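Read the structure below first, then the notes.
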Amino acid sequence: MANRIYEVMFIAQPETTDDDIAKLNEAITNLVEKDGGTVSVVEGWGRRRLAYPINKKTEGYYVLLEIAGSGQEIAELERRFRVNDIIMRYMTVRVDEDRKAADKKRTKRESKRRSNRLGGGQSEFGGANEARMADEAQDA
116 MANRIYEVMF IAQPETTDDD IAKLNEAITN LVEKDGGTVS VVEGWGRRRL AYPINKKTEG
176 YYVLLEIAGS GQEIAELERR FRVNDIIMRY MTVRVDEDRK AADKKRTKRE SKRRSNRLGG
236 GQSEFGGANE ARMADEAQDA
């Protein structure tokens with residue numbers, strides 16, 4: 116199966132210690148690697164205020180993970196998130212297709228800029244605006 120890239124964000128209980136978060140992140144990494152995936156990014160954002168109270172709590176410990184895998188490891192990871200008392204909320208988003216589309220747009224935009232710099236015959240506003248501006252200059 117093709118490698119897909121997922122971003123997994125979870126919010127842990129605010130009273131969770133940094134050591135417990137580190138152990139949880141290590142356990143997640145081991146679980147994903149056991150199922151054949153890889154964890155490329157682990158960002159601990161720390162304790163932050165929640166947008167709305169969850170279980171009468173107004174703060175949570177945010178962690179963002181970037182996981183490459185087939186999807187089976189994500190299913191197991193989410194199952195474990197549901198039964199773990201430390202984790203209040205989690206969300207998984209597949210981002211590989213969005214990144215491919217963004218890269219494609221970026222390369223198209225850069226090639227367009229290069230052709231304009233090399234004298235592609237059009238300004239950054241395009242040929243129609245150039246013709247209109249020339250007409251206005253003649254009328255003045």
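By this note's numbering, the letter at position 78 of the sequence shown is numbered 193, and the numbering carries on one by one without gaps.
Note that the Cβ used here is the ideal one computed from N, Cα and C, for glycine as well.
Please read these numbers as outputs of a predicted model, since none were measured by experiment.
Bounding residues of the beta strand (DSSP E) (the contiguous stretch that carries residue i)
i: Val157; result: Thr153 to Ile169
i: Glu122; result: Arg119 to Ala127
Reduced DSSP category for residue i - H, G, I as helix; E, B as strand; rest coil
i: Leu139; result: helix
i: Thr132; result: coil
i: Ile189; result: helix
Strand pairing of residue i, partner residues [DSSP]
i: Gly184; result: Arg119
i: Thr173; result: Beta-bridge pairing links Thr173 to no other residue.
i: Ile202; result: Ala127
i: Val147; result: DSSP output for Val147 lists no bridge partner at all.
Segment limits, alpha helix (DSSP H) that includes residue i
i: Asp213; result: Asp211 to Arg232
Nonlocal neighbours in the same chain, by C-beta distance under 6 angstroms from residue i, ignoring five residues either side
i: Phe125; result: Val178, Ile202 and Tyr205
i: Trp160; result: Tyr177
Contact under 8 angstroms by Cβ, residue i with residue j
i: Arg157; j: Leu180; result: It is worth fixing the name first, because residue 157 is Val in this sequence and not Arg. In contact: Val157 and Leu180 (Cβ atoms closer than 8 angstroms).
i: Gly234; j: Ser185; result: no
i: Ile182; j: Val154; result: yes
i: Thr222; j: Tyr176; result: no
i: Asp200; j: Ile120; result: no
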